[in-house]
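Have a look at the structure below, then the notes.
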Amino acid sequence: MLRYRDGDVAAFEVLYRRHKDPLFRYLLRLCRHRAAAEDVFQEVWGKIIKSRDNYRPTAKFTTFLYHVAHNCFIDHIRRNKRHGDTADIEPDSQPHGADCPETLVEKSLARRRLDTALRSLPEEQRDVFLLHEEAGLSLDDIAMITDCKRETAKSRLRYAVGKLRAALDDTPETA
Amino acid sequence: MSDKRNNRDETVDPRVSAAYRELADERTPGHLDHAVLNAARGAAGRKWARAVAWLRPAAWVATIGVCLAIVIEIALLPEQEPAGLAPVSEDALPATATKRRETAAPQAAEPAAARPAQKLSRGVSEERQGRADEAEALNRIQDLDTREAVVKDETGPFLLQSAPAPASARDLATERYCDESQTADPNTWLACILELERQGLLDAARLERDLLTLAFPPPELP
């Protein structure tokens, strides 16, 4: 980011290719609408580009990036009241690898259950889980990004993982 | 220690992570890549452009400044006045000349106030030109008188017929275009001369100017 601030566009391309897919998935799962996720994605990178002159390496770039993304998502929610009405992300039903049909069906069912469980998570828990899985952030970083205490972030993550585990086991669990 | 391990186990589940990895395999669309990278390149270009952004307004300011300087210089140029004129009061000038001066006054007033030294040098040069014209007029009149005397005393009509040009000049001298009331005062006389020039009677005006110079020689400069 510092190199890009000094005019090195190639450095930005490296940074972008490293973070673009996890960030896109994070926003896709948060927004639950592909078009909205794409809009927020562009908005996030636009803010990153604009803030290059004021960027100070006080934290990891990943933390900075997801902090911006989280705030953009919050702004998107405030702007768009339709958020949460419906979801248009279809789970990928294409077979992977050379598994046998029974295994494919079982995996597909597990994926569908996990996707349903992920969508049914409360927004705060889904946010924390996605930050943990996609960005690989620590609880301290997640707490800083979501503007809550570390214990709160930890509790949210624990609940989210428990619900998803229960969905995978196909055993209902209450939070 | 066991609580910490339990917490760690509750927040991290490899099976959930693996299942999520299988589920979340979406890739960023290509059009988003193009849009973001183009924006990044454009912003980097704009940064360079911002660094030299002062060049364009500076060029505009310089251009406008040069134009203003040219306009002011043209406005400050001295007016082309007929050489050898004596200073004339405004009330003695014809109406057209007064009007012309009034229209030129706003343009000339500021330069005259701004550059008195230039005005002074211009006055000196006009004075020198006036003296040269005076000498020339004196020579012409003396030449005319000499030829007239020759015609009267010696050859009579022969020389008179063989020198028609001085005779016509003399006719011009005797045929006055400015009457006595006008020639009584140099200012009214000069107004009459200006009127003759305005009417296109340049020879008559020149003769009257010569006579004016003879009758009212300009004062000597210190």
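Line by line, the protein sequences give chains A and B. When the letters of the first sequence are read in order and numbered with our numbering, they come out as residues 372 to 546. When the letters of the second sequence are read in order and numbered with our numbering, they come out as residues 142 to 363. A virtual CB, placed ideally from N, CA and C, is assigned to each residue, including glycine.
Using a C-beta cutoff of 7 Å, does alanine 180 of chain B count as contacting chain A? yes
Return yes when at least one heavy atom of the ligand SAH lies under 6 Å from the C-beta of proline 155 of chain B, else no. Within the structure as shown, the ligand SAH is missing, as the structure has no ligands at all.
Between leucine 399 of chain A and alanine 407 of chain A, is the Cβ-Cβ spacing less than 7 Å? no
I believe lysine 391 of chain A touches threonine 169 of chain B by the beta-carbon criterion, under 8 Å. Please report the beta-carbon distance rounded to the nearest angstrom. 5 Å
What residue range is occupied by the uninterrupted alpha helix (DSSP H) comprising phenylalanine 435 of chain A? 432-450
Sub-7 Å separation of alanine 547 of chain A and lysine 525 of chain A beta-carbons: Within the shown structure, residues of chain A are numbered from 372 to 546, placing residue 547 of chain A beyond reach of any answer.
Assign threonine 504 of chain A to one of two classes, buried (16 or more other C-beta atoms within 10 Å of its C-beta) or exposed (fewer than that). With the sequence shown as reference, residue 504 of chain A is identified as glutamate, and threonine is not the correct amino acid for it. Classification of glutamate 504 of chain A: buried, given that the 10 Å Cβ count is 16 or more.
Mind pulling the chain B residues with CB within less than 8 Å of aspartate 498 of chain A? What aspartate 498 of chain A touches in chain B: nothing, since even the nearest Cβ is about 14 Å away.
Can you confirm whether arginine 529 of chain A, when its beta carbon is compared against all beta carbons of chain B, has any partner nearer than 7 Å? yes
Suppose you measure from the CA of alanine 430 of chain A to the CA of leucine 480 of chain A; what does that come to, to the nearest Å? 40 Å
Could you give the first and the last residue of the continuous alpha helix (DSSP H) run that contains glutamate 338 of chain B? 327-340
Reducing DSSP to helix, strand and coil, say where tyrosine 375 of chain A ends up. helix
Quick check on the burial criterion: 16 or more other C-beta atoms within 10 angstroms. Buried or exposed for isoleucine 215 of chain B? exposed
Considering only residues of the same chain and omitting the five flanking positions on each side of proline 393 of chain A, which have a CB-CB separation below 7 Å? Glu505, Ala506
Under 7 Å between C-beta atoms, does alanine 185 of chain B make it to chain A? yes
In whole angstroms, what is the alpha-carbon distance linking proline 305 of chain B and leucine 355 of chain B? Low per-residue confidence applies at proline 305 of chain B: pLDDT is 42, beneath 50, and the placement is therefore not dependable, though the value from the model is reported in the following sentence. Going from the Cα of proline 305 of chain B to the Cα of leucine 355 of chain B covers about 24 Å.
In its own chain, which residues sit with a C-beta less than 8 Å from the C-beta of asparagine 451 of chain A, not counting the 5 before and 5 after it? Ala407
Leaving aside the five residues before and after tyrosine 161 of chain B along the sequence, list all residues of the same chain whose C-beta is less than 7 Å from its C-beta, in chain order. none
Decide if alanine 159 of chain B is buried, meaning its Cβ has at least 16 other Cβ atoms within 10 Å, or exposed. exposed
Do the segment 373-386 of chain A and the segment 174-182 of chain B meet, that is, are 3 or more Cβ pairs less than 8 Å apart? yes
In chain order, what residues of the same chain have a beta carbon less than 6 Å from the beta carbon of phenylalanine 395 of chain A, not counting five sequence neighbours either side? Phe412
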